[in-house]
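Okay, so the sequence shown: first residue is 13 according to the numbering used here, each after it adds one.
Using N, Cα and C, we set each Cβ at its ideal position, and we do this for glycine too.
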Amino acid sequence: MDRRAFAASVIARHGLAPGIGAVLLAAVMVTVAACGDDDDQPNGGTPEVESTRVAGPATLEVTAGGREGVVEIRAFMPADITVMVGDTVTWDAPADAHTVTFLQGGEPSPLIVPDPTSPDDVVLNPAVVEPVPAMRPLAFDGSFALSSGMFGAGMADPPRVMFTTPGSYAYLCLVHPRMQGEVSVVEDADSAVTQGELDAESAVLRAQYVEEGEAALLAAQEGGPERAVGPDESSVVRVLAGLSTDHTDVRAFVPEQLKIEEGDTVVWENAAAEPHTITFGEPPPFLVEEQRADGTRRLVISAEMLNVALGAFEFVAGEFFHSGLLVENGPLGIQFRLLFPSTGSFAYVDSLYPDQMTGEIAVGE
Ligand SMILES: [Cu+2]
Numbered sequence: 013m014d015r016r017a018f019a020a021s022v023i024a025r026h027g028l029a030p031g032i033g034a035v036l037l038a039a040v041m042v043t044v045a046a047c048g049d050d051d052d053q054p055n056g057g058t059p060e061v062e063s064t065r066v067a068g069p070a071t072l073e074v075t076a077g078g079r080e081g082v083v084e085i086r087a088f089m090p091a092d093i094t095v096m097v098g099d100t101v102t103w104d105a106p107a108d109a110h111t112v113t114f115l116q117g118g119e120p121s122p123l124i125v126p127d128p129t130s131p132d133d134v135v136l137n138p139a140v141v142e143p144v145p146a147m148r149p150l151a152f153d154g155s156f157a158l159s160s161g162m163f164g165a166g167m168a169d170p171p172r173v174m175f176t177t178p179g180s181y182a183y184l185c186l187v188h189p190r191m192q193g194e195v196s197v198v199e200d201a202d203s204a205v206t207q208g209e210l211d212a213e214s215a216v217l218r219a220q221y222v223e224e225g226e227a228a229l230l231a232a233q234e235g236g237p238e239r240a241v242g243p244d245e246s247s248v249v250r251v252l253a254g255l256s257t258d259h260t261d262v263r264a265f266v267p268e269q270l271k272i273e274e275g276d277t278v279v280w281e282n283a284a285a286e287p288h289t290i291t292f293g294e295p296p297p298f299l300v301e302e303q304r305a306d307g308t309r310r311l312v313i314s315a316e317m318l319n320v321a322l323g324a325f326e327f328v329a330g331e332f333f334h335s336g337l338l339v340e341n342g343p344l345g346i347q348f349r350l351l352f353p354s355t356g357s358f359a360y361v362d363s364l365y366p367d368q369m370t371g372e373i374a375v376g377e
């Protein structure tokens with residue numbers, strides 16, 4: 013069986029939609045072409061650290077995000093790179109999971125969706141979690157949409173993409189759509205970047221973004237929390253649950269420790285581009301991993317994480333209070349409100365990031 017017939021039989025066996033089949037076939041074809049190129053370049057893939065390129069293709073690593081304390085970087089570093097035809101680009105995700113997605117004119121898929129086969133369940137969108145095409149192709153010529161699936165943070169391995177055709181290819185992260193980059197592919201070695209140059213640029217950007225996040229946190233902490241007058245001379249005090257800048261998400265409650273009086277109300281507000289929770293008591297699990305009938309994995313957001321009684325709450329020491337997922341355009345909105353009728357010190361966490369985000373409400377102490 014030749015390779016084209018083999019690809020067609022794979023598609024037939026897996027019953028893919030015709031459009032997907034064409035994409036997969038194209039992927040198999042460019043993979044075959046790439047293997048041919050590799051045979052001509054036995055030294056391909058050797059990392060290059062000088063600013064001048066040696067002959068032959070290189071493997072170049074871009075950094076996807078990063079973490080420094082409570083600052084999560086939301087950028088590809090560097091975002092725009094110029095490589096030579098035949099170069100392979102790989103993306104390293106040292107902290108959170110990301111995707112590298114070349115939409116090629118398509119629409120970005122949302123991260124959290126009702127399960128298409130079981131709409132009562134809310135899942136991480138398989139179109140974001142899994143690679144597209146389903147088998148990651150080794151090479152990319154811009155003729156099809158390519159998504160790595162989520163990598164890093166214990167998910168898939170970093171993607172590697174060989175660029176076979178001159179042009180400019182924009183990409184983004186489907187988990188954090190403001191993470192965007194572009195790979196320009198040229199035939200001229202003098203214009204192409206080296207790993208040494210990438211590393212230097214990445215280090216400068218990383219320092220700049222960490223500073224951007226830390227400065228935003230300091231600015232939010234300055235002047236203390238916003239207080240409004242509530243009923244019967246009580247106060248309504250606002251606590252930020254996370255915040256974001258152009259290139260960062262900052263994982264902190266502001267203020268982390270809040271002093272209030274009996275009868276005061278705390279309103280937490282998610283000021284970040286990522287979801288947060290306010291949880292007094294044992295944090296519920298976020299994702300439950302299951303197998304679908306076809307063997308693919310299903311990442312369900314746990315009912316405990318989603319379920320929450322809506323309305324006004326009065327805090328009771330020792331009882332479980334949980335905001336659910338606070339996220340822009342989510343069913344619960346971005347605010348969670350609790351009235352504290354009795355004295356005491358009450359610790360809470362963000363269930364999604366319990367190691368990074370903790371807070372305390374001290375009532376009348
Ligand atoms: Cu991302």
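Judged by their CB atoms, V83 and V222 are nearer to each other than the 9 angstroms cut-off. If you look at V125, you'll find it in the beta strand (DSSP E) that goes I124 to D127.
Around the CB of L230, fewer than 16 other CB atoms lie within 10 Å, so the residue is classed as exposed. In this structure, A253 places its C-beta atom within 9 angstroms of the C-beta atom of L338. Under the three-pair Cβ rule at 8 angstroms, the region 97–109 counts as touching the region 61–77. For the pair S354 and T277, the Cα-to-Cα distance works out to about 11 angstroms. DSSP places D132 in the uninterrupted beta strand (DSSP E) bounded by S130 to L136. Residue side-chain check: T257 keeps its Cβ at 8 angstroms or more from all non-hydrogen atoms of ligand 1. Secondary structure within the region 315–376: the alpha helix (DSSP H) runs of 4 or more consecutive residues, fully enclosed, are 315–318 (chain order). Distances taken from the Cβ of H288 to the heavy atoms of ligand 1 include none shorter than 8 angstroms.
Going by C-alpha positions, A285 is about 11 angstroms away from N341. Taking a C-beta distance under 9 angstroms as the contact criterion, F88 and A107 do not qualify as a contact pair. Scanning its chain for C-beta atoms nearer than 7 angstroms, with the 5 sequence neighbours on each side dropped, one finds around S357 the residues E372, A374 and E377, in chain order. In the displayed model, R218 falls within a helix according to three-state DSSP. Here DSSP, grouped into helix, strand and coil, assigns D276 to strand. Listed as beta-bridge partners of I313 by DSSP are L299. Taking all protein chains in view, the Cβ of M147 is surrounded by fewer than 16 other Cβ atoms within 10 Å, so the residue is classified as exposed. Residue pairing by DSSP places E226 in no beta bridge whatsoever. Residues M89 and P90 of the same chain have their beta carbon placed closer than 8 angstroms to that of E213, with the five preceding and five following residues left out of the count.
In this structure, V141 has its CB at a distance of at least 8 angstroms from all heavy atoms of ligand 1.
The set of residues with any CB-heavy atom separation to ligand 1 below 5 angstroms comprises, in chain order, H110, C185, V187, H188 and M191.
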